[in-house]
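Engineer: Residue numbers are given in my numbering: position 98 of the sequence shown equals residue 136, and the series is strictly consecutive. Glycine included, C-beta positions come from ideal geometry on N, C-alpha and C. Provided herewith is a single structure, encoded as structure tokens, for subsequent inquiry.
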Amino acid sequence: GGAIYNVQSNIILTNCEFTENLASSGAAIYNITDSNGVLTKCNFICNTANLSNGGAIVNGNYSNPILNNCTFQENWAKTSGGAIHNFDNSEPNITNCLFIKNSAITKGGAIANQGSDPNVMNCAFSANYSFNGGGVDNYYGNPIFSSCVFSNNSAEHYGGAIQNYFGYL
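Below, the structure is given as structure tokens:
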């Protein structure tokens with residue numbers, strides 16, 4: 039985590055901005071092992087995961103944060119999850135968030151799920167890009183998307199909006 043690294047922690051952040059943070063993974067926030075914070079009205083802009091996943095946020099090992107009314111714009115990850123990477127049974131609740139022009143080289147321009155089941159409601163995904171899953175890449179997970187809008191997302195290979203691989207939507 040370039041700005042915040044949480045291990046079994048529950049942070050509450052409101053009206054915060056994370057801009058141009060750099061880390062190998064989770065450039066703004068890295069949540070690991072039962073980290074279940076609440077982020078409200080936070081902006082994540084131009085953060086970079088230069089070696090791995092989660093241009094803005096990584097949630098792993100049963101981390102289930104709540105994200106409300108957040109904006110993720112122009113974040114980048116070298117591998118997966120240009121904005122958010124969820125892995126190992128993490129189930130974040132993401133509501134009323136905007137994902138604009140995020141990108142990842144391998145998969146999940148905005149969000150990459152790997153064995154995780156996020157609940158994504160009333161979110162907009164616009165102009166995100168990755169090789170697979172321009173907007174979202176889902177691998178062995180069962181995310182729920184409700185009342186979301188996907189527009190102008192693109193993938194070089196599969197799933198301009200969503201790629202779903204061994205999972206259920």
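Determine the direct distance from the alpha carbon of ASN91 to that of ASN97, and round the result to whole angstroms.
Structural biologist: Working through the sequence shown from its first residue, we reach residue 97 at position 59. Working through the sequence shown from its first residue, we reach residue 91 at position 53. If I take the Cα positions, the gap works out to 10 Å.
Engineer: Is the CB-CB distance between ALA41 and SER62 below 9 Å?
Structural biologist: Residue numbering aside, residue 41 sits at position 3 when the sequence shown is read from its first letter. Residue numbering aside, residue 62 sits at position 24 when the sequence shown is read from its first letter. Contact: no.
Engineer: Under 8 Å by Cβ, that's how I've got ASN176 and TYR203 pegged, so tell me the actual separation to the nearest angstrom.
Structural biologist: Locating residue 176 in the sequence shown gives position 138, where the first residue counts as 1. Locating residue 203 in the sequence shown gives position 165, where the first residue counts as 1. Right, the Cβ-Cβ distance comes to about 7 Å (below 8 Å), so this counts as a contact.
Engineer: If contacts are defined as beta-carbon pairs under 8 Å, then TYR167 and SER141 qualify, I think. What distance do you get, rounded to the angstrom?
Structural biologist: On the sequence shown, position 129 is the one that residue 167 refers to. On the sequence shown, position 103 is the one that residue 141 refers to. Correct: roughly 4 Å between the Cβ atoms.
Engineer: Please report the straight-line C-alpha distance between CYS161 and LYS116, rounded to a whole angstrom.
Structural biologist: In the sequence shown, counting from the first residue as 1, residue 161 sits at position 123. In the sequence shown, counting from the first residue as 1, residue 116 sits at position 78. Approximately 24 Å between the Cα atoms of the pair.
Engineer: Under a three-way DSSP split, which group does GLY40 fall into?
Structural biologist: Counting from one through the sequence shown, the residue named residue 40 turns up at place 2. Coil.
Engineer: Would you call HIS195 buried or exposed, if buried means 16 or more other Cβ atoms sit within 10 Å of its Cβ?
Structural biologist: Here residue 195 refers to the residue found at position 157 of the sequence shown. The residue is exposed, with fewer than 16 neighbouring Cβ atoms inside 10 Å.
Engineer: For ASN53, which residues from the same chain have a beta carbon less than 6 Å from its beta carbon, with the 5 sequence-adjacent residues on both sides left out?
Structural biologist: Within the sequence shown, residue 53 is the residue found at index 15, counting from 1. Here the set comprises LYS79.
Engineer: The beta strand (DSSP E) that contains SER4, what's its start and end?
Structural biologist: Any question about residue 4 goes unanswered here, given that the chain covers just 39 to 207.
Engineer: Output the distance between the C-alpha atoms of ASN151 and TRP114, rounded to the nearest integer angstrom.
Structural biologist: Looking up residue 151 in the sequence shown gives position 113. Looking up residue 114 in the sequence shown gives position 76. Using only the alpha carbons, I get a separation of about 16 Å.
Engineer: Roughly how many whole angstroms lie between the Cα atoms of SER128 and ILE104?
Structural biologist: For the purposes of this step, residue 128 is identified with residue 90 of the sequence shown, where counting begins at 1. For the purposes of this step, residue 104 is identified with residue 66 of the sequence shown, where counting begins at 1. Rounded to whole angstroms, SER128 to ILE104 spans 11 Å at the Cα level.
Engineer: Quick check: what's the CA-CA separation for SER101 versus ILE70?
Structural biologist: Along the sequence shown, read from residue 1 onward, the residue named residue 101 stands at position 63. Along the sequence shown, read from residue 1 onward, the residue named residue 70 stands at position 32. Distance between the alpha carbons of SER101 and ILE70: 6 Å.
Engineer: For the beta strand (DSSP E) containing ASP175, name the first residue and the last one.
Structural biologist: Along the sequence shown, read from residue 1 onward, the residue named residue 175 stands at position 137. It spans 174-177 - the beta strand (DSSP E) in which ASP175 sits, taken as one unbroken run.
Engineer: May I have the straight-line CA-CA distance separating ALA193 from SER118, to the nearest angstrom?
Structural biologist: Stepping through the sequence shown from its first residue, residue 193 is reached at position 155. Stepping through the sequence shown from its first residue, residue 118 is reached at position 80. Going from the Cα of ALA193 to the Cα of SER118 covers about 13 Å.
Engineer: In whole angstroms, what is the alpha-carbon distance linking SER185 and ASN157?
Structural biologist: Counting from 1 along the sequence shown, the entry for residue 185 is found at position 147. Counting from 1 along the sequence shown, the entry for residue 157 is found at position 119. Taking the straight line from one Cα to the other gives about 11 Å.
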